[in-house]
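A.B. asks: Protein sequences appear in the order of chains L and A.
All you need for the numbering used here is the position in the first sequence, starting with 1, plus 16.
All you need for the numbering used here is the position in the second sequence, starting with 1, plus 1.
Even for Gly, the Cβ is constructed at its ideal location relative to N, Cα and C.
Since the model is a prediction, treat every value here as computed from it, not as a measurement.
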Amino acid sequence: MSTATIDLAHDHDHEHHGPPKGLKRWLFSTNHKDIGSMYLIFALTMLFAGGVSAMAIRLELFLPGLQLLDPDLYNNLVTNHALIMIFGAVMPAAAGLANWMIPLMIGAPDMALPRLNNLSFWILPAAATMLILSFIVPFFPGGGTQINTGWTIYPPLSVQVGMSMDFLIFALHMLGISSVLASINIIVTIFNMRAPDMKLTQMPIFVWTWLVTAFLLILVIPVLAGGVTMLLFDRHFGTSFFNAAGGGDPVLFQHLFWFFGHPEVYILILPSLGVLASVVPTFSRKPLFGYSSLVGAMIAIMIIGMVVWAHHQYTIGMSLGAVSYFMIGTIIISIPVGLMIFNYMATMWRGAMTFETPMLFAVGILLMFSFGGLTGIMLAVVPADMQYHDSMFVVAHFHYVLMPGAIFGLFAGVFYWLPKWTGHMYDEKLAKIFFWVNVISFNVTFFPQHFIGLAGMPRRIVDYHVMFTEFNVLSSIGAMVFGLSHLLFLYIIIKTVRGGKQAENKVWEGAKGLEWELSSPPPFHSWTTPPKLAAS
Amino acid sequence: MSSAAHHGPNDYYIPESSPWPIVAMLAVFFMLSGTALTINEVGIGAWMILAGFSLLVVMFYGWFGQVIKENLSDQYNEQVDRSFRQGMFWFIASEVFFFLSFFGSLYYIRMIALPWLSGEGYLAESQLLYNQFVADWPTAGPEELGGRFKAMGAWGIPALNTLILLLSGATVTWAHWGLKEDDQKKLVWGLAATIGLGLLFVVFQVYEYRHAYHELNLTLESGVYGSTFYMLTGFHGFHVTMGAVMLMAILVRAIKGHFSPHNHFAFEAVAWYWHFVDVVWLGLFVFVYWM
């Protein structure tokens, strides 16, 4: 797309602006790279926390009958797994990539509002503490019941849960504050901090995906905040928003929740699909196919994605007109999403491809995310969904969407930019082993769940019929390998941070973009002078 | 496009590292966890709220004080000013959607949920539970939670409050004109009038709530009408109060002479916020009080 020439003469003036020493560097940071690293470390920690709860769930489901977990604890773990993975792992990891890469990619010295940036990050550990409190409180005398609602916290059940639900509600508020502040910062950075001659239409697609994601966050997170606030008032102050006896409607909460919850899926996936737009052209050694159609597809996903939320609620008894509308809208979304997939495939077409780890993950995404998309179309069809609803099929579907769609994209991004961040090459051989173990065990875990779901095994229930045993055993074995494989990921990261072959400025032969013009690792203040673009 | 082009290459401004984000995080954490404990009748919660709120006040004073100092010592450039402006714009956008969740709920309850509850349409199975119920707005639902009540009329205090807020929107614009003409007196009196009108609005609202509780038996527990009424007007009243506090800070700064005709982002940010609160009220007046 474009290359940059930098005037290095000015860099000396800024050498005294090195990082502050000690704890202050991290607590009081105004540096996008330090904050980005903190986001990524936090996300990795939460990935393991969410992973441990997932492995506990799969251990329990290894055999029919009750093995390890009390049913309420099981339900609580299901709730926590979802919340930790969505709000603790994927969103902060994507925000970490945004923090690191957006200023580098658009030629900015830092984010537009660096102090606000630090606040956005540091609210997260506090919110995680609240989530942990919501988990711990029921173990104390008088602490009330555990959260057995699932992450969707539907009333009336969520009105009956004890004190821990209040901690969860406030944790969601804090996570929301963090996301909205981060999104404001990202939008302002993109609009206001680009290199002087970089047009919006010259930005890397990763930056575009985050622009769209940040819009979505600003529009839908406040609606979730409103919804859980009403829930709080129903629980403690006698209001009747979700109580039919007072003229309210529990279904109202579902509408509010999914007005947030469905765009949230795109919030999780779009940044990862943006990573692909950097990875795929690099390792195909070809320019990205169809830049403007990718941008258009994203904007279409944003707009349509905001008006199809009720496909999560087909079975609640909506009118025929309403379900028809939501069905058609949902199926229409597969057009722009498919377009993005085809753009990446066309980029690969006749390219001189090599398969370094980021590219392996990219190909994995295209295959498995598309598969998740196809089961999504099955679920979008109302009469079919009446059968699939709340079965393990749904679990298989959204794990095929979110693991490859979101987390594999993040892995691809981490391996792609890790040499740039640390200045060291990662161990390619180990990383490839990680990819294959990870991707195979992922499929062993979730592929059988399609079958047991179609055969009638419900989700979110601690026990199951003996006829589902074999597939569940297989799935649980896969899950153990899958969970443990992430220790290898951790090892590779630590090893790369501590040392390794020195990375060049331009780590990958076919890479394009401003971030490769800076040293590896980049200077403390990324671009002290606006880089000049020369259209190539 | 960018100011950087006019000022030379070293134009970017990056603030020094700052302790205030951490203080803000602690303030939010103590206030929210304290609230969670208080509403479950755990005694220590109230102290945590107090600690969190004190930290919040200190944080705003310290953080904004630092920003004001940096601004007055001329460290900022046009780009920073634009970042602040755009940031405020998107913050208000998120607030708009927060209120939309409540307006949307009101719409859903009145247009979809209540007709079903009254037996309209083929999906209305609620007739099994509430056979005779016919929903006329306002309603406290089939079980009349909170007892019989009277709805709040539109043409008494609410209409007066509409006029007050519209007038305050005019006075804050008048103050802005004063600022742009470098007319200190016009600026200060315009702001003072706006704050006075804002506080008058809040006083009337408190009076209205007292009237509703004591004479109309309209409470937060009065079914879904009471819920939506108090939630919407309550959050709006809270925002007016916050807006008035922000205006007071701006008034103090205006008296100190912090603003110039070309450098007064803080004034404009608060004025935008005030207009936003104003527009939300118009929505409230039409959909909560009037229709």
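Please compile the residues from chain L whose C-beta is within a distance smaller than 8 Å of the C-beta of Leu-33(A).
C.D. replies: Here residue 33(A) refers to the residue found at position 32 of the second sequence. Here the neighbours are Met-146, Phe-186, His-189, Met-190.
A.B. asks: Would you mind working out which of Trp-543(L), Gly-429(L), Glu-520(L) sits nearest Pro-125(L), comparing C-alpha positions?
C.D. replies: In the first sequence, the residue the question calls residue 125(L) occupies position 109. When each option's Cα is compared against that of Pro-125(L), the closest is Trp-543(L).
A.B. asks: Would you kindly work out how many angstroms separate the C-alpha atoms of Val-379(L) and Thr-373(L), rounded to a whole number?
C.D. replies: By 1-based counting over the first sequence, the position of residue 379(L) is 363. By 1-based counting over the first sequence, the position of residue 373(L) is 357. Between Val-379(L) and Thr-373(L), the C-alpha separation is close to 10 Å.
A.B. asks: Alpha carbon to alpha carbon, how far is Gly-122(A) from Met-246(L)?
C.D. replies: Counting from 1 along the second sequence, the entry for residue 122(A) is found at position 121. Counting from 1 along the first sequence, the entry for residue 246(L) is found at position 230. The straight-line gap from Cα to Cα measures roughly 27 Å.
A.B. asks: Might you give, ordered along the chain, the residues of its own chain that have their beta carbon closer than 7 Å to the beta carbon of Phe-269(L), omitting 5 neighbours on each side?
C.D. replies: As a position in the first sequence, residue 269(L) is number 253, starting the count at 1. So the qualifying residues of the chain are Tyr-170, Pro-171, Gly-243, Leu-247, Phe-258.
A.B. asks: Going by Cα to Cα distance, which pick from Leu-355(L), Thr-346(L), Asn-115(L), Arg-301(L) is closest to Ile-200(L)?
C.D. replies: If you number the first sequence from 1, residue 200(L) lands on position 184. Ranking Leu-355(L), Thr-346(L), Asn-115(L), Arg-301(L) by Cα distance to Ile-200(L) puts Asn-115(L) first.
A.B. asks: Going by C-alpha distance, which of Ile-509(L), Ile-193(L), Leu-418(L), Lys-215(L) is nearest Tyr-442(L)?
C.D. replies: Looking up residue 442(L) in the first sequence gives position 426. It is Ile-509(L) whose Cα lies nearest to the Cα of Tyr-442(L).
A.B. asks: For Phe-151(L), would you say it is in contact with chain A, using Cβ-to-Cβ distances shorter than 8 Å as the test?
C.D. replies: Position 135 of the first sequence, counted from the first residue, corresponds to residue 151(L). Closer than 8 Å: no.
A.B. asks: Below 8 Å, how does it come out for the segment 104-115 of chain A and the segment 204-224 of chain L: are there three or more Cβ pairs, yes or no?
C.D. replies: no
A.B. asks: Starting from the Cα of Leu-604(L), find the closest Cα among Val-68(L), Gly-38(L), Lys-40(L) and give me that residue.
C.D. replies: It is not possible to answer for residue 604(L), since the shown part of chain L is limited to 17 through 552.
A.B. asks: When DSSP builds the beta bridges, which residues end up paired with His-215(A)?
C.D. replies: Here residue 215(A) refers to the residue found at position 214 of the second sequence. The partner list for His-215(A) (beta bridge, DSSP) is empty, contrary to what the question assumes.
A.B. asks: Flag this pair as yes or no: are the beta carbons of Ile-13(L) and Leu-284(L) separated by less than 8 Å?
C.D. replies: The question about residue 13(L) has no answer here: the residues shown for chain L are numbered 17 through 552.
A.B. asks: Quick test of your reading: Leu-233(A) and Val-289(A), contact by CB under 8 Å. State the CB separation rounded to the nearest angstrom.
C.D. replies: Translated into the one-based positions of the second sequence, residue 233(A) becomes position 232. Translated into the one-based positions of the second sequence, residue 289(A) becomes position 288. Rounded, the Cβ-Cβ distance is 5 Å, consistent with contact.
A.B. asks: What residue from Met-54(L), Ala-293(L), Gly-516(L), Ile-477(L) has the CA that sits closest to Leu-140(L)'s CA?
C.D. replies: For this step, residue 140(L) is matched to residue 124 along the first sequence. That would be Met-54(L), whose Cα lies nearest to the Cα of Leu-140(L).
A.B. asks: Quick check on Gly-354(L): buried or exposed, where buried means 16 or more other Cβ atoms within 10 Å of its Cβ?
C.D. replies: Numbered from 1 along the first sequence, position 338 holds the residue referred to as residue 354(L). When all chains shown are included, Gly-354(L) counts as exposed.
A.B. asks: Per DSSP, what kind of secondary structure is Pro-10(A) in: helix, strand or coil?
C.D. replies: Taking the second sequence and counting its residues from 1, the one referred to as residue 10(A) is at position 9. Low confidence applies here, because Pro-10(A) scores a pLDDT of 43, under 50, leaving its location unreliable and the question unanswered by this model.
A.B. asks: At which residues does the alpha helix (DSSP H) containing His-265(A) begin and terminate?
C.D. replies: In the second sequence, residue 265(A) corresponds to position 264, counting from 1. That residue, His-265(A), is in no alpha helix (DSSP H); it is neither H nor E in DSSP.
A.B. asks: As a quick exercise: from Gly-52(L), Gln-465(L), Phe-505(L), pick the residue whose alpha carbon is nearest that of Glu-486(L).
C.D. replies: As a first step, residue 486(L) is located in the first sequence; it is residue number 470 there, counting from the start. Glu-486(L) has its Cα closest to that of Gln-465(L), out of Gly-52(L), Gln-465(L), Phe-505(L).
A.B. asks: With a threshold of 8 Å, are at least 3 pairs of Cβ atoms found where one atom belongs to the segment 455-471 of chain L and the other to the segment 329-344 of chain L?
C.D. replies: no
A.B. asks: Please report whether the beta-carbon of Tyr-13(A) lies at a distance below 8 Å from any beta-carbon of chain L.
C.D. replies: Indexing the second sequence from 1 puts residue 13(A) at position 12. Closer than 8 Å to some Cβ of chain L, the Cβ of Tyr-13(A) qualifies, so yes.
A.B. asks: Assign Ser-407(L) to one of three DSSP states: helix, strand, or coil.
C.D. replies: The residue given as residue 407(L) occupies position 391 in the first sequence. DSSP places Ser-407(L) in strand when its eight states are reduced to three.
A.B. asks: So is Pro-547(L) in contact with chain A if we call contact Cβ pairs under 8 Å?
C.D. replies: The residue labelled residue 547(L) in the question sits at position 531 within the first sequence. Cβ-Cβ to chain A under 8 Å: no for Pro-547(L).
A.B. asks: Does the segment 467-478 of chain L come close enough to the segment 399-412 of chain L that 3 or more CB-CB pairs lie under 8 Å?
C.D. replies: yes
A.B. asks: Which residue's Cα is closest to the Cα of Trp-437(L): Thr-512(L), Leu-310(L), Glu-76(L), Asp-213(L)?
C.D. replies: Counted from its first residue, the first sequence places residue 437(L) at position 421. Among Thr-512(L), Leu-310(L), Glu-76(L), Asp-213(L), the Cα nearest to that of Trp-437(L) belongs to Thr-512(L).
A.B. asks: Can you pull the chain A neighbours of Leu-235(L), defined as C-beta to C-beta under 7 Å?
C.D. replies: Reading the first sequence from its first residue, position 219 is the one you call residue 235(L). Neighbours of Leu-235(L) on chain A, chain order: Phe-98.
A.B. asks: For a contact defined as C-beta to C-beta under 8 Å, what are the partners of Val-29(A) on chain L?
C.D. replies: Residue numbering aside, residue 29(A) sits at position 28 when the second sequence is read from its first letter. Those within 8 Å of Val-29(A) in chain L are Ile-139, Ala-142, Met-190, Ile-193.
A.B. asks: In terms of residues, what are the limits of the alpha helix (DSSP H) holding Ala-70(L)?
C.D. replies: To locate residue 70(L), count along the first sequence from 1; it is residue 54. Segment 48-76, the alpha helix (DSSP H) holding Ala-70(L).
A.B. asks: Within the 8 Å Cβ cut-off, does Thr-242(A) reach chain L?
C.D. replies: Translated into positions along the second sequence, residue 242(A) becomes position 241. Using a CB distance cut-off of 8 Å, Thr-242(A) does not count as an interface residue toward chain L.
A.B. asks: Which same chain residues end up closer than 6 Å to Ala-198(L) when comparing Cβ atoms and leaving out the 5 residues on each side of it in sequence?
C.D. replies: Counting from one through the first sequence, the residue named residue 198(L) turns up at place 182. Cβ neighbours of Ala-198(L) beyond the five flanking positions: Ala-111, Ser-136.
A.B. asks: Assuming Phe-14(A) and Val-81(A) are in contact, meaning their beta carbons sit under 8 Å apart, how far apart are those beta carbons, in whole angstroms?
C.D. replies: Locating residue 14(A) in the second sequence gives position 13, counting from the first residue. Locating residue 81(A) in the second sequence gives position 80, counting from the first residue. According to the sequence provided, residue 14(A) is Tyr. The question's Phe does not apply to it. Their Cβ separation, rounded to whole angstroms, is 5 Å, which keeps Tyr-14(A) and Val-81(A) in contact under 8 Å.
A.B. asks: Secondary structure at Pro-220(L), three-state DSSP: helix, strand or coil?
C.D. replies: Residue 220(L) sits at position 204 when you count from the first residue of the first sequence. Reduced to three states, the DSSP call for Pro-220(L) is coil.
A.B. asks: Please list the segments of the alpha helix (DSSP H) lying wholly inside the segment 191-278 of chain L, counting only runs of 4 or more residues, in order along the chain.
C.D. replies: Counting whole runs of 4 or more residues, the segment 191-278 of chain L contains the alpha helix (DSSP H) stretches 221-252.
A.B. asks: Can you give the Cα-Cα distance for Thr-229(L) and Phe-358(L), rounded to whole angstroms?
C.D. replies: Mapped onto the first sequence, residue 229(L) falls at position 213. Mapped onto the first sequence, residue 358(L) falls at position 342. The alpha-carbon atoms of Thr-229(L) and Phe-358(L) are separated by roughly 21 Å.
A.B. asks: So Leu-147(L) is in the alpha helix (DSSP H); what residue range does that whole segment cover?
C.D. replies: The residue labelled residue 147(L) in the question sits at position 131 within the first sequence. Counting along the chain, the alpha helix (DSSP H) containing Leu-147(L) begins and ends at 130-152.
A.B. asks: Measuring CB to CB, does Val-553(L) end up less than 8 Å from Gly-429(L)?
C.D. replies: Summary: the structure shown does not reach residue 553(L), with chain L confined to residues 17 through 552, and so no result is reported for it.
A.B. asks: Apart from the five residues just before and just after Ala-6(A), which ones in its own chain have a Cβ nearer than 8 Å to its Cβ?
C.D. replies: The residue you call residue 6(A) lines up with position 5 of the second sequence. Because Ala-6(A) carries a pLDDT of 37, less than 50, the predicted location of this residue cannot be relied on, and no value is offered for it.
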